[in-house]
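> Numbering of the sequence shown is given in numbering that gives the first Met the number 0, commencing with residue 0 and proceeding in unit increments.
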Amino acid sequence: MISSLTRRACIGAAAALAVGTAALPAAAQPAFPSKPIRILVGFSAGGGADGAARAIADALQRKYGVAVTVENRPGAGGRLSSDALAKAEPDGYTLAALVGGDAVTAATDARLPYRFPDDFAPLSTISVYPFVVMTSGTGPYKTLDEFLAAARAGGRSYASPGPGTTQHLAAELLAGMAKAELLHTPYKGTAASVPDLISGRVDISVGTTSEGALIRNGRLRALAVTSRERSPSMPNVPTVAESLPGYEVTTWMGLVAPSRTPASIVQKLSNDIQALVATPEVRSRIEALGLEPQASTAAQMRERMAGDVAKWKAVVRDRHIQLIP
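1. Within 10 Å of its beta-carbon, does Q266 have 16 or more other beta-carbons around it, so buried, or fewer, so exposed?
2. If contacts are defined as beta-carbon pairs under 8 Å, then R53 and V69 qualify, I think. What distance do you get, rounded to the angstrom?
3. Does the distance from the CB of A158 to the CB of T184 come in under 8 Å?
4. Here's a check: name, in chain order, each residue in its chain whose Cβ is nearer than 8 Å to the Cβ of T20, leaving out the five neighbours to either side.
5. Quick one: residues in its chain with C-beta nearer than 8 Å to the C-beta of E286, no 5 flanking neighbours on either side, listed in chain order?
6. According to DSSP, is G206 helix, strand or coil?
7. If you measure from the CB of L243, is any heavy atom of the ligand FAD nearer than 7 Å?
8. Classify L23 as buried or exposed, calling it buried when 16 or more other Cβ atoms lie within 10 Å of its own Cβ.
9. Note down, in chain order, each residue of its chain lying with its Cβ closer than 8 Å to the Cβ of G161, except the 5 sequence neighbours on either side.
10. Can you tell me where the alpha helix (DSSP H) with I38 in it begins and where it stops?
11. Starting from Y157, trace the alpha helix (DSSP H) in both directions and tell me its first and last residue.
12. Output the distance between the C-alpha atoms of T249 and V224, rounded to the nearest integer angstrom.
13. Checking the sheet assignment: what are the DSSP bridge partners for T124?
14. Would a C-beta distance cut-off of 8 Å place I125 and A51 closer than the cut-off?
15. DSSP three-state label for N270, please.
16. Check V236 in the structure and name its three-state DSSP category.
17. Considering just the uninterrupted stretch of the beta strand (DSSP E) at H319, what are its terminal residues?
18. Can you give me the C-alpha to C-alpha distance between F146 and D90, rounded to a whole angstrom?
19. What residues in its chain sit with their C-beta under 6 Å from that of I214, if we drop five residues either side in the sequence?
20. Would P244 be called buried (16 or more neighbouring beta carbons within 10 Å of its own) or exposed?
21. By Cβ distance, which residues of its chain are closer than 8 Å to V103, with the 5 residues on each side in sequence left out?
22. Using a Cβ-Cβ cutoff of less than 7 Å, which residues in the same chain neighbour I272 once the five nearest sequence positions on both sides are dropped?
23. Quick test of your reading: L172 and Y246, contact by CB under 8 Å. State the CB separation rounded to the nearest angstrom.
24. Just the Cα atoms here: how many angstroms apart are P234 and A30?
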């Protein structure tokens, strides 16, 4: 009897020790984050997305007490950065800044090596901003309605920074809703189109608020902003929707993690980023870039990403736009 009890006690002790040992690794895991975090940005340093990413990176670094760095990976319209993020270790230590243009890319390029938005775990948007429908400051169009009336008669054109850009599709959406045909004149970037827009060689452009100085000095004229409501930075400029009800185009920048990142880490990052975007320091840095600070929940960001893809696919289909075979 003694021998049997001793044997059972030893077995029980060994089992308890095994359970305790197995539990140690999980219990010993350090709290997130315990090492540096990097944020991939698919554009060169100095742009709006880069600046907004650096603003939130600095704030996260102060909050977490670990290095949070921005790593610029420009190329292929942001595809290189997005692909690297999709393939990164899903541990919360590699994030990426995505922009509204990434949804346009997903809607127009079936050859992407990643699935948008399925390969990403959205955290929060950081900023949003509308586009501006602009014309020459010395041109004949004082209002969007005047331009649309002329456009319906035919022979009018618009500039874009290139085929398949958000501005290209935003102009096509405008033309479709106005029941007008506009000649697309693509350029290699927004800056390249500005001289022809000022001179009147092209009639309009769907540009960004970065052209604000040219609008203020009268070389360009803002006809409308593309957001649902008037922009705080241009409160006297009407919306496109005031002429074409239902029109809305806003682009955004936000942070994502790889799709298989643990839910607890995603939730922590999402909550912390939302709180930091609301702080005066981060808001002022984002506003200085000409952007409007706006955080979101992870679910809201995912809904925006998926909704944008569906929207731009419909524009490409309905406007018979041929981009990538």
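The beta carbon of each residue, even a glycine, is placed where N, CA and C say it ideally should be.
Taking the geometry as given:
1. Q266 should be labelled exposed.
2. Indeed, because the Cβ distance is near 5 Å, the residues count as touching under 8 Å.
3. Annotated as proximal: A158 and T184, with beta-carbon spacing under 8 Å.
4. The predicted position of T20 is uncertain, since its pLDDT is 41 and thus under 50; a value taken from the coordinates is nonetheless stated next. Cβ-Cβ distances below 8 Å link T20 to nothing in the same chain once the five nearest sequence neighbours on each side are left out.
5. Result list for E286: P292, in chain order.
6. Judged by DSSP in its simplified three-state form, G206 adopts strand.
7. You won't find the ligand FAD in this model; it holds no ligand whatsoever.
8. Because L23 sits at a pLDDT of 42, beneath the cut-off of 50, its placement in the model cannot be relied upon, and the following sentence gives the value as read from the coordinates. Exposed is the call here.
9. H167, P185, Y186, K187, G188, listed in sequence order.
10. Secondary structure note for I38: it is in no alpha helix (DSSP H), and the uninterrupted beta strand (DSSP E) holding it is 36 to 40.
11. Where Y157 is concerned, there is no enclosing alpha helix (DSSP H), although the beta strand (DSSP E) it sits in stretches over 155 to 159.
12. Distance between the alpha carbons of T249 and V224 is about 9 Å.
13. Per DSSP, G253.
14. In this structure, I125 places its C-beta atom within 8 Å of the C-beta atom of A51.
15. Taken through DSSP and simplified to helix, strand or coil, N270 comes out as helix.
16. Correct three-state label for V236: coil.
17. First-last for H319: undefined, no H or E at that position.
18. C-alpha separation (whole angstroms): 51 Å.
19. Annotation for I214: A221 place their beta carbon closer than 6 Å to its own, counting only its chain and skipping 5 residues before and after.
20. The residue is exposed, with fewer than 16 neighbouring Cβ atoms inside 10 Å.
21. Apart from the 5 residues on each side of it in sequence, V103 sits with its Cβ closer than 8 Å to the Cβ of G163, T164, T165, L168, D307, W311 in its chain, given in chain order.
22. Here the set comprises I55, L122, S123, L254, A294.
23. Indeed, because the Cβ distance is near 7 Å, the residues count as touching under 8 Å.
24. Note on geometry: alpha-carbon atoms of P234 and A30 lie some 46 Å from one another.
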